[in-house]
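These notes are about the structure you will find just below.
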Amino acid sequence: ISVEVDSDPRACYFKQAKYGMFVRMALIMKLLGVEK
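First residue of the sequence shown: 3, per my numbering; consecutive thereafter.
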């Protein structure tokens with residue numbers, strides 16, 4: 003993918019990667035039994 007598409011407002015992959023990180027963190031905490 004060309005870097006020119008990064009500036010396109012429809013490019014959501016940075017947000018998707020960020021949200022995916024939070025989901026992975028939550029799943030790992032759940033599996034480890036970490037309580038808030």
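Just so it is clear, CB atoms sit at the ideal spot from N, CA and C, and this is done for glycine as well.
For residue 38, no alpha helix (DSSP H) encloses it, and the DSSP letter there is neither H nor E. DSSP, read as helix, strand or coil, puts residue 26 in helix.
Rounded to whole angstroms, residue 13 and residue 31 show a C-alpha spacing of 30 Å.
Rounded to the nearest whole angstrom, the CA to CA distance from residue 29 to residue 22 is 11 Å.
Here DSSP, grouped into helix, strand and coil, assigns residue 4 to coil.
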